[in-house]
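646 is the number of the first residue of the sequence shown in the numbering used here; add one for each residue after it.
All residues carry an ideal CB built from backbone N, CA and C; glycine is no exception.
From a predicted model like this one, the values you see are computed outputs, not experimental measurements.
One structure below.
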Amino acid sequence: MRKVIITGANGFIGSALIKELLSKGYEVCAVIHHDRKSNLPKNNSLEVVSMDGDEITKLKTKIPTGKYDTFYHFAWKGSTGNDRADYGLQLKNTKWTLDAVDLAAELGCKRFIGAGTIAEHDVNAYSPLDGATPNSVSNYGVAKIAAHYMSKAECNKLGIEHVWTYLSNNFGEGNYTLNFINFAAKTLLTGKPADFTAGEQMYDFLYISDTAQGLRCIGENGKKNMAYYIGSTKPKKLKEFIRIIRDTINPGIALNLGAIPFHGITQPEEIFDCAKLVKHTGYTPQFSFEEGIKKTIPWIKDQIDRGKI
């Protein structure tokens with residue numbers, strides 16, 4: 646039986662991974678922020694420990710040494726909204742990632758899995774260019790890059806297997822972030838003008854249970870010192886995703902594609918390639934975008950009615 650530790654376990658991705666792991670017979674130690682109410686299930690194979698971000702080094706007194714073999718690190722403050730521009734907070738997140746590596750080693754874990762983001766590719770594609778004018782929100786992506794490479798070096802120094810993940814645009818029930826799916830669905834559900842960019846850039850979205858499956862597969866079979874993109878295996882132009890969301894809500898809504906100018910970088914399709922993940926781990930997405938959206942839209946509508954989105 647595999648035994649894992651998960652920080653940020655109360656979040657959208659962490660809680661989904663816990664559900665996936667428990668269904669496969671894992672024992673899980675879930676680390677949650679001390680001022681957040683636990684939304685995790687009651688299960689004899691789940692232990693919940695609370696902490697603050699800067700107290701991660703103190704967890705050694707709360708978690709038994711030698712019991713857990715894999716450490717998933719999802720705890721990251723300021724991953725959405727304007728907090729992404731807070732360089733002080735983002736630098737703290739990078740340090741906390743390195744503290745998590747040190748803790749994993751002290752607890753006897755053999756593998757550390759870090760949560761990266763597709764935004765790392767966006768930053769690398771644009772910020773280094775002469776004349777580039779990145780906005781301060783890119784501090785989030787820069788901090789993730791630093792956490793990626795520094796945690797890799799720290800793991801190799803300490804003799805722990807390091808695996809990094811590039812998380813896609815994850816969506817599904819329980820996601821309260823300001824992601825594109827929530828934004829687009831709310832726009833269409835509330836009757837606002839359906840103004841979007843032309844949507845010619847390549848994009849990818851992944852239903853949350855498939856994200857959890859990918860993370861489990863990486864924990865089980867991912868190769869050390871590798872970075873894996875977890876996606877749908879079927880990226881396409883953003884406008885095609887927008888049309889699917891529209892058709893699920895109301896096919897009669899007129900889309901104003903191109904009403905908003907696009908100032909970003911168009912990523913090549915290979916950025917969204919999951920071939921390495923599939924080959925190394927056996928990962929196979931179970932939900933198409935259409936299936937995931939049909940499950941998610943009713944939940945978004947309910948949350949809008951409740952004033953939560």
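Short of 6 Å in beta carbon distance, which residues of its chain neighbour residue i, apart from the five on each side in sequence? Order them along the chain.
| i | result |
| --- | --- |
| G759 | H718, S796, W809 |
| G817 | Y852, I853, T941 |
| N815 | L851, I853, T856 |
Assign residue i to buried or exposed, taking buried as 16 or more other Cβ atoms, counted over all protein chains shown, within 10 Å of its Cβ.
| i | result |
| --- | --- |
| K705 | exposed |
| P930 | buried |
| P880 | buried |
I need the boundaries of the beta strand (DSSP E) containing residue i, first residue and last residue.
| i | result |
| --- | --- |
| V673 | 672-678 |
| H807 | 806-812 |
| A715 | Just to set this straight, residue 715 is Thr in the shown sequence, not Ala. Taken as a continuous stretch (DSSP letters only), the beta strand (DSSP E) holding T715 covers 715-718. |
| Y873 | 871-875 |
The alpha helix (DSSP H) that contains residue i, what's its start and end?
| i | result |
| --- | --- |
| G864 | 853-866 |
| H793 | 784-803 |
| S668 | 657-668 |
| A764 | 764-771 |
| A899 | Per DSSP, A899 belongs to no alpha helix (DSSP H) and is neither H nor E. |
Assuming the contact rule is C-beta atoms closer than 8 Å, residue i and residue j should be a hit. Round their C-beta distance to whole Å, please.
| i | j | result |
| --- | --- | --- |
| G753 | G711 | 4 Å |
| Y848 | F886 | 6 Å |
| Q846 | L902 | Not really, about 12 Å apart at Cβ, beyond 8 Å. |
| E799 | V746 | 5 Å |
| A764 | K789 | 7 Å |
Can you name, in chain order, every residue of its own chain whose Cβ lies under 7 Å from the Cβ of residue i, other than the five neighbours on each side?
| i | result |
| --- | --- |
| G656 | F719 |
| T925 | Per the sequence presented here, residue 925 reads as His, with Thr not at that position. Only N866, G867, K868 meet the Cβ criterion. |
| S724 | Y785 |
So, residue i versus residue j, is the Cβ gap smaller than 7 Å?
| i | j | result |
| --- | --- | --- |
| V676 | A661 | no |
| R861 | V782 | no |
| L834 | I898 | no |
| I863 | Y874 | no |
| T742 | V649 | no |
| E935 | I889 | yes |
| G859 | Y811 | no |
| A830 | I945 | yes |
| I658 | H766 | no |
| F757 | A749 | yes |
| F825 | I905 | no |
Measuring only between beta-carbons, confirm whether residue i sits less than 7 Å from chain B.
| i | result |
| --- | --- |
| E799 | The chain labelled as chain B is not found in the depicted structure, where only one protein chain is given. |
By Cβ distance, which residues of its chain are closer than 8 Å to residue i, with the 5 residues on each side in sequence left out?
| i | result |
| --- | --- |
| K722 | G698, D728, L734, K737, N738 |
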